[in-house]
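**Q** What the sequence shown shows, in full-length UniProt numbering, is residues 7 to 310, in sequence order.
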Amino acid sequence: QAAQALKAIARNEHIKSYLQQSEELYPLILQAAKRFITGESKQEGLVAAKEMLGKGYAISLEYIGENTKGEKECREAKEEFLQLIEEMGTASIHQTVSLDLSHIGLLIDTEIAYDYLIELAEKAKSYNITIMVSMEESSKTDDILNIYKKAARHYPNIGITVQAHLYRSLEDIHELMDYPGRIRIVKGAYQEPCDIAMPRSKELNDRYLQLVEQVVKANHPLSIATHDEPLIRQIEQRHYLAYPQVEIEMLYGIRPDLLKHAKDNGYTSRIYLTYGQEWYLYLCHRLAEYPENLYLALADMIQP
Ligand code: FDA
């Protein structure tokens with residue numbers, strides 16, 4: 007219930023614009039958000055990326071945004087991603103850029119999102135950078151997978167995220183292994199109807215393991231993206247992290263101890279960094295999936 011309330015708050019435009027205009031609240035909430043985001047600017051994202059690379063992590067970097075409705079805003083987001091790729095490339099950060107297709111046009115026209123994705127992948131290819139496509143609400147799954155499949159034939163440097171909680175993912179993953187791109191398996195961050203998705207449960211963890219096993223056994227590039235310690239322990243016991251094409255990936259600010267442990271054990275360990283002014287929704291996602299974070303957020307806000 008707390009999670010649902012937080013998601014409703016996150017999507018309420020009145021609350022969002024009130025907070026953005028409030029000179030007192032905005033900096034306080036930004037302070038709380040900084041537990042999970044690197045900052046509002048690309049520069050802050052790049053500084054954090056270099057710091058994490060220096061510590062031996064791989065990185066993904068996302069310019070935060072989703073559900074962009076204006077054509078101009080989608081074009082601007084695409085330009086920001088192009089600049090990000092350019093700056094990563096010239097700084098020899100041959101890593102991963104993550105994005106939501108709804109940030110670059112999916113809601114306006116799937117062709118726009120496809121064209122922009124190709125433009126970004128082309129630029130990324132010249133710098134040996136990977137573009138990782140996030141998975142969004144189930145209403146967008148078909149469009150996202152179709153765009154990915156069309157693009158991935160020509161650009162093996164594009165990867166795709168699969169949500170273990172969707173029942174359909176068991177079939178989707180077989181098809182996705184026909185394409186060369188890395189598959190990132192997550193549990194799923196969106197509230198979905200129970201006839202198409204499982205809630206957090208043992209059943210979901212078993213499904214997660216099943217998907218991981220299939221991708222590992224096919225020798226396909228895989229990112230295991232979870233902070234679930236018992237689940238990771240099961241994955242470790244099966245030695246899946248020791249395969250060279252497999253990596254573990256976690257969100258910045260969430261269970262850094264677990265990721266450090268994986269890195270210290272010699273496993274490729276990727277940290278998912280974000281920056282941008284649209285951090286509010288990202289923060290709400292992190293609070294909603296783990297409402298205990300509300301206490302941390304409040305503490306962050308009142309600490310000097
Ligand atoms: P679960 O939610 O069961 O949590 C397990 C444990 O992890 C918790 O008990 C707690 O200890 C810790 N934990 C989890 N979330 C936490 C939080 N916010 N704060 C503090 N502790 C927390 N989703 C999606 O739908 N589409 C996508 O494209 C992506 N992309 C993505 C990339 C990467 C790299 C990661 C790691 C995650 C995503 N996600 C995502 C989010 C994902 O679907 C999921 O919501 C979160 O990873 C939380 O789920 P866990 O697998 O960690 O397990």
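Every residue, glycine too, gets a C-beta built ideally from N, C-alpha and C.
Classify ALA257 as helix, strand or coil using the three-state DSSP reduction.
**A** In the sequence under discussion, the amino acid at residue 257 is Leu, which differs from the Ala named in the question. Three-state DSSP puts LEU257 in a strand.
**Q** How is ILE137 classed by DSSP in three states: helix, strand or coil?
**A** Residue state, collapsed to three classes: strand.
**Q** In chain order, what residues of the same chain lie with their CB nearer than 7 angstroms to the CB of GLN220, ignoring the 5 residues before and after it?
**A** Contacts found: ILE179.
**Q** For the beta strand (DSSP E) containing SER132, list its first residue and its last residue.
**A** Careful: SER132 lies outside any beta strand (DSSP E), inside the alpha helix (DSSP H) at 116-132.
**Q** Could you have a look at GLN169 and say whether DSSP puts it in helix, strand or coil?
**A** The answer is strand: DSSP assigns GLN169 an E or B state.
**Q** In the DSSP assignment, the alpha helix (DSSP H) including SER175 goes from what residue to what residue?
**A** Unbroken alpha helix (DSSP H) run through SER175: 175-182.
**Q** Does DSSP put ALA224 in a helix, a strand or coil?
**A** ALA224: coil per DSSP, three-state reduction.
**Q** Just verifying my parser: in three-state terms, what is the DSSP assignment at SER23?
**A** SER23: helix per DSSP, three-state reduction.
**Q** Does the beta-carbon of ALA195, which I'm using as the reference point, lie nearer than 6 angstroms to any heavy atom of the ligand NAP?
**A** Because the ligand NAP does not appear in the structure shown, any question about it cannot be addressed here, the ligands present being the ligand FDA.
**Q** Nearest CA to the CA of ASN163: which residue from GLN89, GLU198, ASP148, ILE137?
**A** Taking only the C-alpha atoms, the option nearest ASN163 is ILE137.
**Q** Pick out whichever of ARG239, ARG206, GLY187 has its Cα sitting closest to the Cα of TYR196.
**A** Checked all of ARG239, ARG206, GLY187; the closest Cα to TYR196 is ARG206.
**Q** Look at the alpha carbon of residue 357 and the alpha carbon of HIS171, and state the distance between them as a whole number of angstroms.
**A** The question about residue 357 has no answer here: the residues shown for the chain are numbered 7 through 310.
**Q** Measuring from the CB of GLN240, is there a heavy atom of the ligand FDA at a distance below 6 angstroms?
**A** Answer for GLN240: no, Cβ out of range of the ligand FDA.
**Q** With distance defined between alpha-carbon atoms, name the residue in LEU126, ASN211, GLU57 nearest to PRO236.
**A** Residue ASN211 is the option with its Cα nearest to PRO236.
**Q** Determine the DSSP secondary structure at GLU143, reduced to helix, strand or coil.
**A** It is coil, neither helix nor strand.
**Q** With GLU50 and TYR281 assumed to form a contact (beta carbons below 8 angstroms), what rounded beta-carbon distance in angstroms separates them?
**A** About 5 angstroms separates the two Cβ atoms, so the contact holds.
**Q** Does DSSP put ARG159 in a helix, in a strand, or in coil?
**A** ARG159: coil per DSSP, three-state reduction.
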